[in-house]
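Q: Numbering (mature numbering (1 follows the signal peptide of the UniProt record, and there is no 0)), first residue to last: -21 to -1, 1 to 633.
Just dropping this structure here.
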Amino acid sequence: MVPPSIFSAAIFLFLAIHVASQGPAPAPAPAGTGVTVRYSFNASLVPLSPDGFQRNTIVLTPGQTAGQGPLIECNSGDTISLTIFNNLPYETSIHSHGLWQRGSNQYDGVPSVTQCPIPPGQSFEYRIPTVGQHGTYWYHSHSHAQYVDGMKGPIVIHATSEPQAALYDAEYVVSISDWYHQESPPVVNHYLLGTSLGAEPVGSSVVFNGVGRYDCGLIGIIPGYTCNTPKNVPSFQFQTGKRYRLRIINMSALSAFTFAIANHNLTIVEADGEDVAPYTVPALGINIAQRYSVVVTANQTFGNYTMFADYLCAHKYLILPVKGRALVQYTNATLTPGTNAAGNPSQVLSMTSAPESSVPGTSDPTTKLTCDMLDTLPLRNLQPLSPPGNGWSSANNITSLVAQKSYLAGSPNADSLTFTMDFNMTQTTLGRPDPLINGVNYQPQQTPVLAQLATSGQALQTALSLPNTTNAYVIPSSVTSVTFILNNQDGGEHPFHLHGHVFFILGQGPGLFNATRDVPNLTFNRTALRRDTVTVQPNAWVALRFAADNPGVWFVHCHIDFHLLAGLAFMFVEHPEQLYTYTSALQTGPPSLQGQCNYTPEVPSTTSLDARITTLLNGESPIGGQPSAASGIQSGQWTVVMAMLLAAAFVGGL
């Protein structure tokens, strides 16, 4: 760890000299014509029962009454000001998933990568530009496993001229998530300790917009815990003849879902904030962190229809499937949006509830989907994007450089680079998860990588000499186009997310990528599907390409939260020669990022996995503080509860 005094001195020294050798500053982000939309939330632990089982939940107030935070809403070109007051007993952070943070990398919200976490009792203002973006996004903590505990919520950015406006009359946000009856510290500890034998912790129920219905009869009475089976289920009201845009977000920690509405088709019009040509399906596969907008027409007989969200590929986790159920209710009432958490009129209708008895016993259309349908490759973007650099349509750089695994794969003067990432979910001899990308298990740094580079007079050389455990891949400022191949050598699928960019999906296939065989089959069409989160199928590859036009340190990771915590991540250090422009922001941010770096967590994040495990064995927690005896099901009760759940599943089904 760099002592605070040295860190401060480095910043002031750096500001005192003119670093002419760093090259030209990056072009400023285009100025938006919008306004600053302000949201302020207090983060605290509150006992809630989102599905009937009471547990401590991270709540963002004002606005949160269930297992997720309030809707953040603005118009394209606005700047979102999001202030978090940390009333939690441990540090926290917020990442705006899918938003590029162009020119504002310091607000990307990733501890040890772009910032230090927000200490208990302090606050931090994130400033999130939305110029050039519209669509469906979400926010979540990037600290520990806090979004498992409820620190997450939807973001909707409305286009100033909506390309798909003629296709729908009103809109809903429909988030889907697995929900855990245990707080994240004991759940993650159980996984990292290896006592799980590598099996990821499985959620207890499925919630829609943070609300679900759990049958408490499945577990009976657990001393010290309260569970009351809800009488209602989540409900979305439709007026006959109207068309509804459903902004579907998978906010899960582990689970991919199939989504469907009985007797209604889904017309996809957006994927991960990117408008797509309308494409109609009977059911939709959606992986963790992905978003789709679908248009549904209320053209059926007046009545109630079941909304389905079932675990997809549940057999991979060696469990029986847990089913999520909500209701679509036809109504004669006039539906109008209310007010959002910023105090402004909302454009999004609010979910309601209805008696569970009103859910019809309809056959499940999600059974039509298979694991390999998680990504809808037939989708094509509505608006072609300008090619990302001179190397966009060329396959030569893929053919010649795909074998390179060094930090700098190619000449510093090249305008395009290709990296390949072979990854696998391995285990230590003691059975602890030890995921590797190109042989490296990611380990967080005490001093954020962005701060290390912004205060360096030789940022490129500093980037190239970062510790191997940062898993950093450097993109020099001469590079305009980056291709990276993800080779999944694991038997499970993995949803990978790239911060700061969208990528084109060039292709995917079984086995390991082979340039001779696979390059001729790649798609270099500018209308090819682009998104920020992609599913890498089991024992398969995917080829992705993005424009290197956003200097910063950008995290890339599996969005199965337990895999990320175990180290399945890497980062791109993009145009490090230009990161000196962040020096002033790191010192004078609102409040000072430097001041946050003076906070020392109870367990330093630089410790190795083995050291973190030793800490766990000593009775401490590196993932968000020690829960109280009444805060969740503790490790001693874990085995008993899991046994009861499995027994109940075999008897009656979850």
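Yeah, the Cβ is synthetic: ideal placement off N, Cα and C, and Gly gets one too.
Provide the residue span of the beta strand (DSSP E) that contains Leu508, from first to last.
A: Where Leu508 is concerned, there is no enclosing beta strand (DSSP E), given that its DSSP letter is neither H nor E.
Q: According to the Cβ coordinates, are Glu162 and Asn244 closer than 7 Å?
A: No; because the gap between Cβ atoms is not below 7 Å, this pair is not in contact.
Q: How many angstroms separate the CA atom of Ala333 from the CA atom of Phe32?
A: Roughly 19 Å between the two C-alpha positions.
Q: In terms of residue numbering, what span does the alpha helix (DSSP H) encompassing Val428 cover?
A: Unbroken alpha helix (DSSP H) run through Val428: 428 to 433.
Q: Spell out the partners DSSP gives Gln216 in its beta bridges.
A: BP columns for Gln216 point to Gln308.
Q: Can you check whether the C-beta of His243 is within less than 7 Å of a C-beta belonging to chain C?
A: Protein chains in the displayed structure number just one, and chain C is not present.
Q: Keeping to the same chain, check which residues put their C-beta closer than 7 Å to that of Leu358; ignore five residues upstream and five downstream.
A: Answer for Leu358: Ile247, Ala250, Val255, Tyr258, Leu508, listed in chain order.
Q: To which residues of the same chain is Ser456 closer than 7 Å at the C-beta, ignoring the five residues directly before and after it?
A: Once the five neighbours on either side are set aside, the close Cβ partners of Ser456 are Gly2, His554, Glu556, Gln557.
Q: Within 10 angstroms of the Cβ of Arg496, are there 16 or more other Cβ atoms? Answer buried if so, exposed if not.
A: Burial call: exposed.
Q: If the criterion is Cβ atoms closer than 7 Å, does the pair Gly56 and Gly13 meet it?
A: Going by C-beta atoms, Gly56 is nearer than 7 Å to Gly13.
Q: Please return the same chain residues whose Cβ sits closer than 7 Å to the Cβ of Val135, not counting the five positions on each side in sequence.
A: The residues are Leu50, Glu52, Thr115, Val152, Arg226, Val327.
Q: Could you compute how far the alpha carbon of Thr15 sits from the alpha carbon of Thr58?
A: Each residue's alpha carbon lies about 5 Å from the other.
Q: What does the Cβ neighbour count give for Leu409, buried or exposed, with the cut at 16 atoms within 10 Å?
A: With fewer than 16 other Cβ atoms within 10 Å, it is exposed.
Q: Who pairs with His476 in a beta bridge, going by DSSP?
A: Answer is Thr512, His536.
Q: Nearest to residue 638 by alpha carbon, out of Ser184, Phe215, His123, Val190?
A: Any answer about residue 638 is impossible in this case: the structure gives the chain only from -21 up to 633.
Q: On the criterion of 16 or more Cβ atoms from any shown chain inside 10 Å, does Ala145 qualify as buried, or is it exposed?
A: By the neighbour-count rule (16 or more Cβ atoms within 10 Å), Ala145 is not buried but exposed.
Q: Count the other C-beta atoms from every protein chain shown that fall within 10 angstroms of the C-beta of Ser337, then say buried if there are 16 or more, exposed otherwise.
A: Burial call: exposed.
Q: Alpha carbon to alpha carbon, how far is Arg222 from Glu150?
A: Rounded to the nearest angstrom, the two C-alpha atoms are 8 Å apart.
Q: Identify whether Pro90 lies in helix, strand or coil by the three-state DSSP scheme.
A: Strand, per DSSP.
Q: For Thr208, collect the residues of the same chain with a Cβ closer than 6 Å to its Cβ; drop the 5 residues on either side in sequence, then sort them by chain order.
A: Cβ neighbours of Thr208 beyond the five flanking positions: Gly31, Asp194, Cys195.
Q: Ends of the alpha helix (DSSP H) at Arg192?
A: No alpha helix (DSSP H) holds Arg192; DSSP gives it neither H nor E.
Q: How many angstroms separate the CA atom of Tyr18 from the CA atom of Tyr290?
A: Roughly 33 Å between the two C-alpha positions.
Q: Quick one: grab the DSSP three-state call for Pro26.
A: Strand.
Q: Under three-state DSSP, which class holds Thr495?
A: Note: Thr495 maps to helix in three-state DSSP.
Q: What is the DSSP secondary structure of Pro324, reduced to helix, strand or coil?
A: Three-state DSSP puts Pro324 in a strand.
Q: Are the stretch 520 to 532 and the stretch 474 to 493 touching, with three or more C-beta to C-beta distances below 8 Å?
A: Segments in contact, yes.
Q: What residue range is occupied by the uninterrupted alpha helix (DSSP H) comprising Asn450?
A: Premise fails: Asn450 is in no alpha helix (DSSP H) and is neither H nor E.
Q: Near Pro26, which residues of its chain fall below 8 Å by C-beta distance, leaving aside the five closest residues on each side in sequence?
A: These residues qualify, in order along the chain: Gln33, Arg34, Asn35, Thr36.
Q: On the three-state DSSP scale, how would you describe His542?
A: Three-state result, His542: helix.
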